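These notes are about the structure you will find just below.
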Amino acid sequence: MPGEEHLAPVTPLFGGRAHAAPAEPAEALGDTWHTTWTEPVADQPLAPDEVDAAADAESALVKRLRTRSLSEREARAFLRERELSVDVVEGIIEGMRRHGYLDDARLAEQLIHAGTTRKGQGRRAISQALAQRGIPRDVVDAALEALPDDDADRALEYARQKARTMRDLDRDVALRRLSGQLARRGYGAQALDAARRALDELSRPTRSGVRFE
0 MPGEEHLAPV TPLFGGRAHA APAEPAEALG DTWHTTWTEP VADQPLAPDE
50 VDAAADAESA LVKRLRTRSL SEREARAFLR ERELSVDVVE GIIEGMRRHG
100 YLDDARLAEQ LIHAGTTRKG QGRRAISQAL AQRGIPRDVV DAALEALPDD
150 DADRALEYAR QKARTMRDLD RDVALRRLSG QLARRGYGAQ ALDAARRALD
200 ELSRPTRSGV RFE
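Going by numbering that gives the first Met the number 0, the residue at position 125 of the sequence shown is 124; the numbering climbs one at a time, nothing skipped.
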């Protein structure tokens, strides 16, 4: 039916019933999403109960990935909650990494895009958000290096939007609130300057007079 998600079968590493993965996985993993896994994940054979536990954990993790991309650290923590051995956990992680189910660099790009386009965040806040998701420091640094050095422009754009909601406030109050909002979004040194410029623009004389005194 129109609008339904098209699913493709996935063969679990540990056997058992095949679960499903979306033809286009959550958060645009794109062509890296593969539909079958065949690699062994442990040097030593697993006992039947271990195979079942591993297959259930793998299936649950794939289901989680259908709705939200995870970092390797987040996926590893998810698997460890199911009391699997270290070898099994790392085997699943390696298989998912090899086939693109887990990709910290791609996740970093997605989070940066969301931070800059939807959340109005500055570089510092974005860096903290990536670190909180467990993305390694070197991956974070590489992703931020590719980000244009336009914090000042984005800070001013955000300040202009928010300043409109403060037109009835005393200027000092508006300046404190607006600069505080900008600072909390990671704009640091740009916060006060952007707030002042946005309020200055709003207070320029119009037909109805000056907005701030």
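The C-beta atom is built at its ideal place from N, Cα and C for all residues, glycine as well. Since we're looking at a predicted model, the values are computed, not measured.
Own chain residues within Cβ distance below 7 Å of residue i, not counting five before or after
| i | result |
| --- | --- |
| Arg-75 | Val-88 and Ile-92 |
| Gln-180 | Lys-161 |
| Ala-107 | Leu-129, Ile-134, Val-138, Val-139 and Ala-142 |
DSSP-derived helix/strand/coil call for residue i
| i | result |
| --- | --- |
| Ala-124 | helix |
| Tyr-157 | helix |
| Glu-49 | helix |
| Gly-114 | helix |
| Ile-134 | coil |
| Glu-144 | helix |
| Gly-187 | coil |
| Asp-103 | helix |
| Leu-168 | coil |
| Glu-108 | helix |
| Ala-149 | Here residue 149 turns out to be Asp, not Ala, going by the sequence shown. DSSP places Asp-149 in coil when its eight states are reduced to three. |
| Glu-80 | coil |
| Ser-58 | helix |
| Leu-69 | coil |
| Arg-203 | coil |
| Asp-30 | Confidence is the limiting factor: at Asp-30 the pLDDT is only 39, short of 50, which leaves the residue's position unreliable, though a coordinate-based value still follows. Reduced to three states, the DSSP call for Asp-30 is helix. |
| Gly-119 | coil |
Distance, residue j Cα to residue i Cα
| i | j | result |
| --- | --- | --- |
| Ser-58 | Gly-90 | 14 Å |
| Tyr-117 | Ile-125 | Note on residue identity: the sequence assigns Arg, not Tyr, to residue 117. If I take the Cα positions, the gap works out to 12 Å. |
| Glu-73 | Asp-55 | 17 Å |
| Arg-63 | Leu-69 | 8 Å |
| Asp-199 | Val-172 | 14 Å |
| Ala-182 | Ala-52 | 46 Å |
| Asp-102 | Asp-137 | 14 Å |
| Val-50 | Arg-81 | 13 Å |
Residue burial classification, residue i (beta-carbon count within 10 angstroms, cutoff 16)
| i | result |
| --- | --- |
| Arg-153 | buried |
| Val-85 | exposed |
| Glu-71 | buried |
| Asp-48 | exposed |
| Arg-122 | buried |
Residue i vs residue j beta-carbon contact at 8 Å
| i | j | result |
| --- | --- | --- |
| Leu-191 | Ser-178 | yes |
| Gly-114 | Ala-104 | no |
| Ile-111 | Ala-142 | yes |
| Leu-78 | Leu-60 | yes |
| Ala-197 | Arg-166 | no |
| Leu-174 | Ala-194 | yes |
Cut-off 6 Å between Cβ atoms - residues of its own chain near residue i, not counting five sequence neighbours on either side
| i | result |
| --- | --- |
| Tyr-157 | Gly-119 |
| Gln-189 | Asp-150, Ala-151 and Ala-154 |
| Arg-132 | Ser-70 |
Contacting residues, own chain, Cβ-Cβ under 8 Å from residue i (five flanking each side not counted)
| i | result |
| --- | --- |
| Ala-46 | none |
| Leu-96 | It is Arg, not Leu, that sits at residue 96 in the sequence shown. Only Glu-71 and Asp-102 meet the Cβ criterion. |
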